[in-house]
Amino acid sequence: MKEKLMTRRDFLRMAAVAPFLAAGPAHREDGVNLLSASKSRVVLIRHKEALDASGRHNPPVIQKMLDEAIMAFFNVKEPVDGWRRIIEPTDVVGIKSNVWSYIPTGPVVEQALKRRILEVGVPEERIGIDDRGVLRNPIFQKATALINVRPARTHHWSGMGTCIKNLIMFVPNPPAYHGDSCADLAKIWNLPLVKNKVKLNILLLLTPLFHGIGPHHYSEKYVWPYRGILMGEDPVAVDATGMRVLEAKRRQYFGGERPLQPPAHHILLADTRYHLGVSSPEKIELIRLGWQEDILI
Amino acid sequence: MAPNDEDSPALGRFLPREVNGWEASGRDETYDPESIFDYIDGAGEVYRAYNFQSLRVRRFRKQGQPAITVDFFDMESPADAFGVFTHDLEGERLAIGQGATYKGGLLSFWKGPYFVSVYAEGETPETKVAVLQLGRKIASAIPVEGEKPELLKLVPVAFSLDEARFFHTHLILNYHFFIASENILRLDRTTDALLVPFRSEAGKNRLHLLLIRYPDEGKQAQAYESFIRAYMPDASPPGFVRTEDETWTGIRPKKNYLFLVFHAPSLDQAESLLAEIEERVEALRGGQCL
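Right under this line is the structure:
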């Protein structure tokens, strides 16, 4: 394959990134050097029966998928043991969901997560589920742990609706982050309300949207039943993996390269500019579980 | 602002109550530039970039069929209605309003200062007929037509205007054709810009024209200097540079305009394209027919 030539338009895109790269390797607050640390682990689990005959989420199967994913992620034998790695009974837990009308996170997934958090010992009154009301929600205002869960989809303005983007409701003026195709979304992750509180990122690929049209950027024609869930601690690794799935589907459907429009460069910049995690497949340990047919990556 | 069907009652007069058995359902909703994000996630930024004033939403239902939604945008000016239409040109071209596309259950068209989207939640042969019928009814109810932006008249004849995109801000420019993260051409709501790709018989070509009209010569001069400094400090001859992919980029200031060509195969072609645009400006200002 011919190597792509770097033009000055490419250079001007990268120039915005370079000063941050020059700043040297980043460290998480727990001391882990993100650029030289071992790979970020991401679990991709799929199940043929994740959706019922009507295309709705199948509750027992969804619970099973989430349980198996967290067990594989933490290499433990019981789901609750995995949850205990990230949640303590004394935590105040916010499940940051997504209510987009066409493809929401949905109550089946939300309740499956809540069930396991209750099993850890967090009382119900200290568990909240919200999306657009997080800034006014007392649970989220005093949360000590956040579980970030949303469906994957192409997005008109940011290229892709991602776990990174899902925290935009924690800012009072979301349009302030819309510049340059939402390039700086990862900056939100440094706000006191969320910094170091997101314990798990779950990107739902149950019925992803791989192409959007019109004012609402939606057509059921471009939704497909992938029946998958991505899970990981590193939001950038989770999103980058999800993006590979969407890109692969677009290649398959359109019969050739059809890059996301606009490119979801907020994922790359979350890595290179904000050091929130890693985006390169070489730095991601992808664990594939369950149904493998048409897995695409 | 909360959705309210009393905010722009005038827009409702263009929308029918029934078509092919689909009947208007519930109260209409109205959104303004602040509340649009309550209704449209993400893409609301596009309409704001085109100075939209209000949006009227009417939903239609028919037993056993997917719902149909009409989004009726008052863009205030025909140029902006045309501009927002050119933001998404994918789909089959149809003769509805002053320009229309249809794809995947979605009809988009513009007429006068209005941009209209008619969308079926699922695409069936019946919904396609109803969507197109709704579009035609709405278009015929709008009594006025509007002028397309004057910048279109400056485009050399070798270029097709079918894929021209009209806009104001660098966010939209970068959406279609990335130049730089920084706003080096000083685009804002007061500037008009037109991006035109060149399509050869062989297919897609990287050559693009960008025509910009600034509110005054002072702003044009600032933008020109900014672009030269950021994009072509190594220009030779002045205003032209051979870029890393061995194509030519050129810029030419004229009155309150800037004209740019990207990825021209040769210096000659870059120069002649910009010269032709300049001549068309003179002709336009002289009142000559183009």
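These protein sequence lines map, in sequence, to chains H and S. Every letter in the first sequence is one number past the one before it in the numbering used here, and letter 202, counting from 1, is 202. Every letter in the second sequence is one number past the one before it in the numbering used here, and letter 31, counting from 1, is 328. Even for Gly, the Cβ is constructed at its ideal location relative to N, Cα and C.
Reduced DSSP category for residue i - H, G, I as helix; E, B as strand; rest coil
i, result
"H/P151", "strand"
"S/S414", "strand"
"H/T241", "helix"
"H/I87", "coil"
"H/P123", "coil"
"S/T383", "helix"
"S/A592", "Since the first residue of chain S shown is 298 and the last is 587, residue 592 of chain S is not available in this structure."
"S/P530", "coil"
"S/H473", "helix"
"H/A72", "helix"
"H/H57", "strand"
"H/D271", "helix"
"S/T424", "helix"
"H/G214", "coil"
"S/P453", "coil"
"H/E98", "At residue 98 of chain H the sequence reads Asn, which differs from the Glu that was named. In the structure shown, H/N98 sits in coil (DSSP, three-state: anything other than H, G, I, E or B)."
"S/R582", "helix"
"H/G232", "strand"
"H/P104", "coil"
Cβ separation of residue i and residue j, assumed to be a contact under 8 Å, to the nearest whole Å
i, j, result
"S/F369", "S/Y411", "7 Å"
"H/T352", "H/L260", "Only positions 1 to 297 of chain H appear in this structure, which leaves residue 352 of chain H out of reach."
"S/A461", "S/L449", "6 Å"
"H/I164", "H/I129", "At roughly 20 Å, the Cβ-Cβ gap does not stay under 8 Å, so H/I164 and H/I129 are not in contact."
"S/F556", "S/H505", "Their Cβ separation, rounded to whole angstroms, is 12 Å, which puts S/F556 and S/H505 out of contact at 8 Å."
"H/L230", "H/V42", "6 Å"
"S/A364", "S/R356", "6 Å"
"H/V271", "H/V236", "The amino acid occupying residue 271 of chain H in the given sequence is Asp; Val does not appear at that position. Contact holds; Cβ gap of about 5 Å."
"S/E387", "S/K400", "6 Å"
Distance between residue j and residue i (C-alpha atoms, nearest Å)
i, j, result
"S/Y336", "S/A572", "46 Å"
"S/P534", "S/I574", "19 Å"
"H/L185", "H/K197", "16 Å"
"H/V194", "H/V93", "12 Å"
"S/E514", "S/T488", "12 Å"
"S/L581", "S/R510", "14 Å"
"H/Q63", "H/A112", "5 Å"
"H/P59", "H/E110", "10 Å"
"H/K77", "H/M71", "6 Å"
"H/V223", "S/R358", "22 Å"
"H/N148", "H/W100", "15 Å"
"H/A248", "H/T207", "15 Å"
"S/N480", "S/D542", "23 Å"
"H/R9", "S/V538", "13 Å"
"H/I284", "H/S40", "5 Å"
"H/A305", "H/M160", "The question about residue 305 of chain H has no answer here: the residues shown for chain H are numbered 1 through 297."
"S/L431", "S/I548", "45 Å"
"S/E576", "S/K552", "13 Å"
"H/W157", "S/L308", "27 Å"
"S/F559", "H/A53", "51 Å"
"H/R288", "S/A438", "56 Å"
"S/L352", "S/K434", "18 Å"
"S/G396", "H/T144", "53 Å"
"H/H47", "H/T105", "17 Å"
"H/D67", "H/P225", "20 Å"
"H/L204", "H/V108", "12 Å"
"S/L570", "S/L482", "20 Å"
Bridge partner(s) assigned by DSSP for residue i
i, result
"S/K516", "DSSP lists no partner for S/K516."
"S/T546", "S/V538"
"H/M169", "Answer is none; H/M169 lacks a bridge partner."
"H/V93", "H/I127, H/A145"
"H/M160", "H/T154"
"S/D489", "S/R510"
"S/P590", "What is shown of chain S runs 298 to 587, which leaves residue 590 of chain S out entirely."
"S/E320", "S/E315, S/R358"
"S/A397", "S/L391, S/F406"
"H/G370", "Here chain H has residues from 1 to 297 only, and residue 370 of chain H is not among them."
"S/K551", "S/Y554"
"S/T327", "S/R353"
"H/E285", "H/R41"
"H/V223", "H/L209"
Open item on the list: Counting only Cβ-Cβ distances shorter than 8 Å, please list the residues of the segment 112 to 138 of chain H near chain S, keeping chain order.
Closed with: none
Open item on the list: Residues of the segment 457 to 478 of chain S in Cβ contact with chain H at a cutoff of 8 Å, in chain order, please.
Closed with: L468, N471, Y472, F475, I476, A477, S478
- [ ] Give, in chain order, every residue of the segment 402 to 414 of chain S whose Cβ lies closer than 8 Å to some Cβ of chain H.
- [x] G402, L403, S405, S414
Open item on the list: Along the segment 332 to 348 of chain S, where does the CB come closer than 9 Å to a CB of chain H? Name the residues.
Closed with: F334, D335, Y336, I337, D338, G339, A340, G341, E342, V343, Y344, R345
Task: Residues from the segment 532 to 546 of chain S in contact with chain H, defined by Cβ distance under 7 Å - done: When C-beta distances to chain H are compared with 7 Å, the residues of the segment 532 to 546 of chain S below that value are T540, E541, D542, in chain order.
Open item on the list: Give me the subset of the segment 362 to 395 of chain S whose CB atoms are less than 9 Å from a CB atom of chain H, sorted by chain position.
Closed with: P363, T366, D368, F370, D385, E387, G388
TODO: With 8 Å as the C-beta to C-beta threshold (strictly closer), list the residues of the segment 256 to 273 of chain H near chain S in chain order.
DONE: Q261, P262
Open item on the list: Can you pull out the residues from the segment 198 to 215 of chain H whose beta carbon lies closer than 7 Å to at least one beta carbon of chain S?
Closed with: Result list: I213, G214, P215.
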